[in-house]
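Trainee: I have a structure I would like to understand better, so I am pasting it below and will then ask my questions one at a time.
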Amino acid sequence: MQSHTHTPAAIFGNQCRYVIPLFQRPYVWTRDDQWAPLWDDVRTLAERVLEAPPGYGAAPVPPHFLGAIVLDQQLSPSGFLTVRHVVDGQQRLTTLQLLLDAAQEVIEKYGNNLDAERLKVLVLNQPQVTQHPDEVFKVWPTDRDQAAFRAAMDNSTAMPAELADSRISQAHAFFVAQITEWCEPAGDPDKAAARLSALAQALHAHLKLVVIDLEPGDNAQVIFETLNHRGAPLLAADLVKNLIFQRAQAEQLDVAALYSQHWAPLDTDYWRQLTAQGRLYRPRIDVFLNYWLAMKLLREVPSDRIFIDFRDHVATAPVALPELMAELASDAAVFSTLEALPVDTVPGRFYYRVIQALDTRAVMPVLLWLLRWPGDRLPVEQRDKALNAIESWLVRRTLARLTGKNINQTILELLKALDRNGPASAGDRTEQFLAEQRSDARLWPDDDLVRRSLETGPVYTALLRARLRMVLEALEDDLRTDYGEGQPAPRRLTVEHILPQAWRQNWPIASDDVAGALDRDRLVHVLGNLTLVSGRLNPALSNRPWTNGDGAGKRDYLLEHSSLKLNAKVVAEHATAWSDDDIRARTAALSERFLALWPRPSTPEPLPVSASAFDPQIVDAQPDDEDGVVIPSHTGKYQRLWRWLRAQGADEIPLAFEQVEQILDMPLPASARVHLTHWYGYEGTALGRAIRDAGWRSSGVDLVEQRVTFIRADAYTGDARGAVNAEDVRE
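So, in structure tokens, the structure goes:
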């Protein structure tokens, strides 16, 4: 075998055919699993090409690897097309052809003819060198997919109805739709052409595949089976490790020393054990790398992109490889201690309540961020304040029964805010950020909202048992503090109804009191009727009456066998009966204790903004800033916004979209209200370019609330004004 790394231009640039043998399976890739991730990768690559300086000398665009294909060359007479059978990678190769053709079709409509011709060469052979009409296609699928492939690759006619449901036609249509939406042809034609030109260049020269060519005598079937059916699958961490040490060797570093100092602790069985991440179980080392990359890149990292995003991060990281490895090893050590953190510390309590009980692992990147700093950079009181704020925000949302969707996006925005602000005041910034949220998906519920939910809500049926148990344990711990007991409540207790669910057996009310019975059915599940008991005590309590005169009532069992303060208080204050009014009173009392245990600060004052921040009047901007850094001039249609931003004195300005329109003295394009890309500094985005040229950045763009916060570039990252933050534009 011979293996080489090639671009699509090298693979498809000649007159050739890649034939998929009939015995291979048909095309099976799908939108969610393959097409959409591939398009995300290619779109990101095209945007990097778009942002790169001319010539790429100062900022080369790292290639994106699509994987490997295995080819078996066939004998062909002189003067005929070169033919190779696809032994492995036929799904990848077919999808790449569909993507190239879809891009060529869109570019032919909205882009430059030269770019369209560059891609056409990669999808079609010249007819004069073919012996059969179908030989014009450079990839030829199995017989089941040939009709759909032929129709999809013919951009001059519509897809026949009988073929529209095939995976081939759906993939081609998906890529056409995504590329068209991304280039925004209905807006600025020059911007659309610039984007499509960058896409053509990315597809032509910045994608890479490993091409393995079999030599005479190689057994293609054995090689196929070896690639697909034998051996243990590689972890993402295995690929990361290989990448790191290959680079270390290329840089002539001491590989043995780097391994022993930084990677050897990660090569233990502990790190390869499966651990939960959402609904899936994955190796612990891959889970850590997933969270670590999200913390570093300040964006979501899909689990199937861990290696790809790590590789790209290494290629652009501003630190040397030994420093990067030391940082990774240090953060891994922090991650490995999380499960053993003492529960009487704020981090240990946070891990138990939020990560384990609430099962909200989306906060892991921010937890890692807060625990990685030494005390001289992030004071313990600020760290604990941040953790307490996040815990309160999540627990209050849970008890108020607000949605748990998209918490990961809020956490990532919080991470960005912390990264901008720095670790020294992380607690203050976390509290402020969460208190500023207004949408239902992000709201930090106030006391009235939580109180109403607790006093009327059936928390027993509304909450998962682990979450409810954690809340009751926290209330027990708080009561123990009142009594001067520092020992936390035991874990693994069970939740018990004081008034039993089957109350009609031993807790009767008048048979004609229908309203009372319905109200009691509701009260039985509220917070005030719930407590904790040991697993052995729970069956004994069952449906017993509160007292029955023979010392075997529920109160007697709790008095004799339970040492919890939650139960001691109930037993002491209700010697003869446990009534519906008692449930209401205890619910109110526990609700107030809950609110004090998980407090929420009052809504903070708005961030300071210059007097003209909401005044659309345009003030002449100076050409240079106070440090003598030249700010790019701007003459586009968003010049008024550019001039207005240049005149502002604040570092952070929150605005509604309507206020931006007042400044512009014209409406925003409709797509700016539904697509984030308008607000960031891509070369092809006129609005984003005006903001960037003024020395500002967009942050926290909320398309639901129709709001944006402008942040001065040097306040955002410490860079010179106008510099581009590559991570921010991916928000």
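Residue numbers (our numbering): 5 to 735. Glycine residues also receive a C-beta, built at the ideal position from the N, C-alpha and C atoms.
#1: According to DSSP, is R716 part of a helix, a strand, or is it coil?
#2: Which residue wins for smallest C-alpha separation from A660, given the options Q19, P306, V708?
#3: Return yes when the Cβ of E480 is within less than 8 Å of the Cβ of L570, no when it is not.
#4: Pick helix, strand or coil for T279, following the three-state DSSP scheme.
#5: Do you know offhand how far D273's Cα is from L691's?
#6: Cβ atoms of A196 and E185: under 8 Å apart, would you say?
#7: Run through DSSP, which three-state label would Y263 get?
#8: Taking the alpha-carbon positions, what's the A404 to S457 distance?
#9: Inspect the beta-carbon positions of L432 and Q386 and report whether they are closer than 8 Å.
#10: Rounded to whole angstroms, what's the CA-CA distance from E166 to V180? Just pull it up for me.
#11: Can you list, in chain order, the residues of its chain whose CB lies under 7 Å from that of E304, leaving out five sequence neighbours each side?
#12: Measure the beta-carbon distance from C20 to K142 and round it to whole angstroms, keeping in mind my assumption that it falls under 8 Å.
#13: Can you tell me whether T320 is buried or exposed? The criterion is at least 16 other CB atoms within 10 Å of its CB, across all chains shown.
#14: Beta-carbon within less than 8 Å of Q281's beta-carbon, same chain only, minus the 5 sequence neighbours each way: which residues are those?
#15: Select from T99, L398, L672 the residue whose C-alpha is nearest the C-alpha of G191.
#16: Is the beta carbon of H89 closer than 8 Å to that of P25?
#17: When the Cα of W507 is compared with those of R540, A344, R548, which residue comes out closest?
#18: Identify the continuous alpha helix (DSSP H) that holds V180 and give its terminal residues.
#19: Pick out whichever of A50, V87, T98, I15 has its Cα sitting closest to the Cα of R29.
#20: Report the residue from S7, E459, E331, D44 whose alpha carbon sits nearest the alpha carbon of L531.
#21: From the DSSP output, in three-state form, read off F292 for me.
#22: Out of L601, S566, D423, point me to the one whose CA is closest to G539's CA.
#23: The alpha helix (DSSP H) that contains V475, what's its start and end?
#24: Do you know offhand how far R473's Cα is from L302's?
#25: Do R526 and P462 have their beta-carbon atoms positioned less than 8 Å apart in this structure?
#26: Starting from E596, trace the alpha helix (DSSP H) in both directions and tell me its first and last residue.
#27: Helix, strand or coil: how does DSSP classify L317 here?
#28: State the DSSP-derived secondary structure class of I513, mapped to helix, strand or coil.
#29: Taking the alpha-carbon of Y796 as reference, which of A698, K245, A268, R590 has the nearest alpha-carbon?
#30: Less than 8 Å between the CB atoms is what I'm expecting for K212 and P67, so what's the real figure, rounded?
#31: Should L497 and L536 be called a contact, given that it needs their Cβ atoms to be closer than 8 Å?
#32: Using DSSP with H/G/I as helix, E/B as strand and the rest coil, what is D105?
#33: Output yes or no for whether 8 Å exceeds the beta carbon distance between L476 and V499.
#34: Measuring CA to CA, which of H10, P603, A514, F69 is closest to R309?
#35: State the start and end residues of the unbroken beta strand (DSSP E) segment that holds K696.
#36: Would you call the CB atoms of R442 and T414 closer than 8 Å?
Mentor: Let's see:
#1: Strand, per DSSP.
#2: Minimum Cα-Cα distance from A660 among the listed residues Q19, P306, V708 corresponds to V708.
#3: Here L570 is near E480, since their CB atoms are less than 8 Å apart.
#4: In the structure shown, T279 falls within a strand segment according to DSSP collapsed to helix, strand and coil.
#5: Looking at the backbone, the Cα of D273 and that of L691 are separated by about 51 Å.
#6: Not a contact, by the Cβ cut-off of 8 Å.
#7: Note: Y263 maps to helix in three-state DSSP.
#8: Distance between the alpha carbons of A404 and S457 is about 5 Å.
#9: Checking the displayed sequence, the identity of residue 432 turns out to be Asp instead of Leu. For the pair D432 and Q386, the CB atoms are nearer than the 8 Å cut-off.
#10: Using only the alpha carbons, I get a separation of about 20 Å.
#11: Hits under 7 Å: A298, N412, L416.
#12: With a beta-carbon spacing of about 6 Å, C20 and K142 fall inside the 8 Å limit used to define contacts.
#13: It counts as exposed.
#14: V291, N294, S307, R365.
#15: Relative to the Cα of G191, the nearest Cα in the group T99, L398, L672 belongs to L672.
#16: Judged by beta-carbon spacing, H89 lies within the 8 Å limit of P25, meaning their Cβ atoms are closer than that value.
#17: Closest by alpha carbon: R548.
#18: Note, V180: alpha helix (DSSP H), 171-187.
#19: Considering only A50, V87, T98, I15, the residue with the shortest C-alpha distance to R29 is T98.
#20: For L531, the nearest C-alpha among the options comes from E459.
#21: In the three-state reduction of the DSSP assignment, F292 falls in the helix class.
#22: Answer by Cα proximity: S566.
#23: 469-486 is the extent of the alpha helix (DSSP H) around V475.
#24: Going by the C-alpha atoms only, they are around 33 Å apart.
#25: Going by beta carbons, P462 and R526 fall inside the 8 Å limit.
#26: Counting along the chain, the alpha helix (DSSP H) containing E596 begins and ends at 584-601.
#27: Sequence inspection shows His at residue 317; the Leu mentioned does not correspond to that position. Three-state result, H317: helix.
#28: Secondary structure at I513: coil, using DSSP grouped into helix, strand and coil.
#29: The question about residue 796 has no answer, for the chain in this structure spans 5 to 735.
#30: So it is a contact: roughly 5 Å between Cβ atoms.
#31: Their beta carbons are under 8 Å apart, which means L497 touches L536 by this criterion.
#32: The three-state reading of DSSP puts D105 in helix, counting H, G and I together.
#33: Result yes, Cβ atoms of L476 and V499 sit closer than 8 Å.
#34: Checked all of H10, P603, A514, F69; the closest Cα to R309 is F69.
#35: According to the sequence provided, residue 696 is Arg. The question's Lys does not apply to it. Run containing R696: none in the beta strand (DSSP E); it sits in the alpha helix (DSSP H), 690-697.
#36: Contact: no.
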